[in-house]
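One structure is given here, and the rest of the page talks about it.
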Amino acid sequence: MISYLCIELIGTNDVEFINAESSYHDNFTSHQTKSFFASTPFNTKLFTEVVEQENNNTEVNNSFDSLNGRRLVNIRYIFESIQSIKHQGFDCTFRDLEFTKEKRKGFFSTFCFTCKLCGSKETINSEDPSDNVNINANMAVVSAVVNTGQGYGQLEEFAATLNMPVISNRMYQEMHSKVFHYTHKIALEGMLLARKEEGRLAVERGDVDQYGRPKIAVVADGTWSKRSYRTNYNALSGVACIIGAVTKKVIFFGVRNKFCCVCFSAKKLDKEPGPHHCFLNWGGPSTAMEADIIVDGFKHSLEMHNLIYSQLIGDGDSSVMKRLRIAKPYGPNCIVQKVECTNHLLRNYINRLRDLTSKRKNSKGEPIPGYLRKIIQTRLLRLRYAVTEAVKYNRQLQTNIPYETRLMVLKSDLVNGPNHVFGDHTNCRQYFCQGTKEGEDNLVDELKRFELWDDIIRARNLLT
């Protein structure tokens, strides 16, 4: 890769061309180029025009003087290649070879040598090109960039800092497409195996309908390309997945996009977009992406995999259940049951309590003392801990205790949580509390007096 920098000097029409060695330019970023010209001693007006002959294959000729920087190599393969070099007749080894050139294809390098004694040609690759087990260096680098949420620009900066020649943008895009293809293929195969496993386990448990079709519980949730902070729901992309509750493996996922770069650019120029892989598949509101994907997964569970998702474990989003009741994916006689997710229940519980700390007045319009709001704020973690410990204890109860009994014990512990945290230990059980501590105040009556206790109980009722 050769770059030409065109410089026009002030007061003259002379044009000077600087021929930059490819190995030198490969390690120059755009930022470094600007810094270079800013520091030149000439009082000149500079304009730079970089013409790059970008090719996936790059050759660096001449001796070791042109071979600099770092390379990405398979160290074991390099040493084995060096040890295997031996020419019959003169017993030539690696020490008798003279470097002639390097051929680069992205991060893969082929080093060419000529024997000084017998004239034989030898090549040493940076890794085994016939290795069909491990992915090559170019695929590995692009996979790492994608998995860490970076892009080609970050890869350029990373390689420049390491003083390492970087892959071309065109080849990066080719590798990126391959990574997407293989990742998507593996994901589909993994989901198919997970669905078969969920169905087999359901049959073994006897969870089947009258037609022998497996009935399984699933966990579903979605996310978006940007955070809403509970106010701004306008993300351009959304994704949701369905996970088997027993295997904890993904059995379905979907993506909704409101934006396609090619279509957007063509529309901006008032032209028809050319042939391309269009990612635009959604025209509704961003808030409806999650529900649409999950309902789509329920609709295809029977025809594709002969599975019935009989229970949905999810957050408090009622739009998903509303869409499922309208769609009736398994007919009018099979109703999907909703099971609230523990994490979402706890989050909603604490969010309700946190909202109380910003209230200046109660429901009667009377002012709330600041110290009470401060007390609630400082005890939010204890209120959450009271719930998680109650669940943990009841999960460890002996299995010979009837389910209804364990359920009643858990409910009584959840109901008593706020009382315990604010100093009323009348109904506390011994596994969790040893009674009133020295210097502890009972704040329940005071919270009731300022109409805060009813709000706390309403938040607690989300759990019970």
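If you read the sequence shown in this note's numbering, its first letter stands for residue -12, the second for the next number, and so on. Positions of the beta carbon are idealized from the N, C-alpha and C atoms, including for glycine.
Every unbroken stretch of the beta strand (DSSP E) spanning 3 or more residues and falling wholly within the stretch 56 to 127 is given here in chain order: 84 to 92, 95 to 102 and 108 to 112. With fewer than 16 other CB atoms across the displayed protein chains lying within 10 angstroms of its CB, Glu290 is exposed. For the alpha helix (DSSP H) assignment, the uninterrupted runs of no fewer than 4 residues enclosed by the stretch 262 to 295 are, from N- to C-terminal side, 276 to 292. Around the CB of Met395, fewer than 16 other CB atoms lie within 10 Å, so the residue is classed as exposed. When DSSP states are grouped into helix, strand and coil, Ala232 belongs to the coil group.
Judged by their CB atoms, Lys103 and Glu89 are not nearer to each other than the 8 angstroms cut-off.
Tyr418 is not a Cβ neighbour of Tyr358, given a cutoff of 8 angstroms. Approximately 5 angstroms separates the beta-carbon atoms of Val166 and Ser130; this is inside 8 angstroms, confirming the contact. Per DSSP, Ala222 lies in no beta strand (DSSP E) and is assigned neither H nor E. In the DSSP assignment, Asp208 forms a beta bridge with Cys228. From the listed residues Leu370, Arg187, Val120 and Gly93, the smallest Cα separation to His407 is found for Leu370. Counting the other CB atoms within 10 Å of its CB gives Ala174 a total below 16, which places it among the exposed residues. If you look at Glu327, you'll find it isn't in any alpha helix (DSSP H); it sits in the beta strand (DSSP E) that goes Gln324 to Glu327. Approximately 7 angstroms separates the beta-carbon atoms of Phe95 and Glu114; this is inside 8 angstroms, confirming the contact.
DSSP, reduced to helix, strand and coil, places Gln141 within a helical segment of the structure shown.
Residues of the same chain with a CB within less than 8 angstroms of the CB of Ser273, apart from the 5 flanking positions on each side, are Trp211, Tyr220, Asn221, Ala222, Leu223, Gly225 and Lys245 in chain order. Residue nearest to Pro260 within the set Leu267, Asp194 and Cys250 is Cys250 (criterion: CA-CA distance). Nearest neighbour of Lys73 by Cα position, chosen from Cys105, Lys325 and Cys99, turns out to be Cys105. Exclusion of the five residues before and after Leu434 leaves Trp440 as the residues of its chain whose Cβ lies within less than 6 angstroms of its Cβ. Taking the CA atoms as reference points, Val153 sits about 19 angstroms from Pro116. Val153 sits in coil when the DSSP states are folded into three classes, being neither helix nor strand.
For Phe251, the enclosing alpha helix (DSSP H) starts and ends at Cys248 to Lys255. The DSSP-derived three-state label of Gln298 is strand. In the three-state reduction of the DSSP assignment, Gly241 falls in the strand class. Secondary structure of Lys213 (DSSP, three-state): coil.
Rounded to whole angstroms, the separation of the alpha carbons of Cys247 and Cys265 is 6 angstroms.
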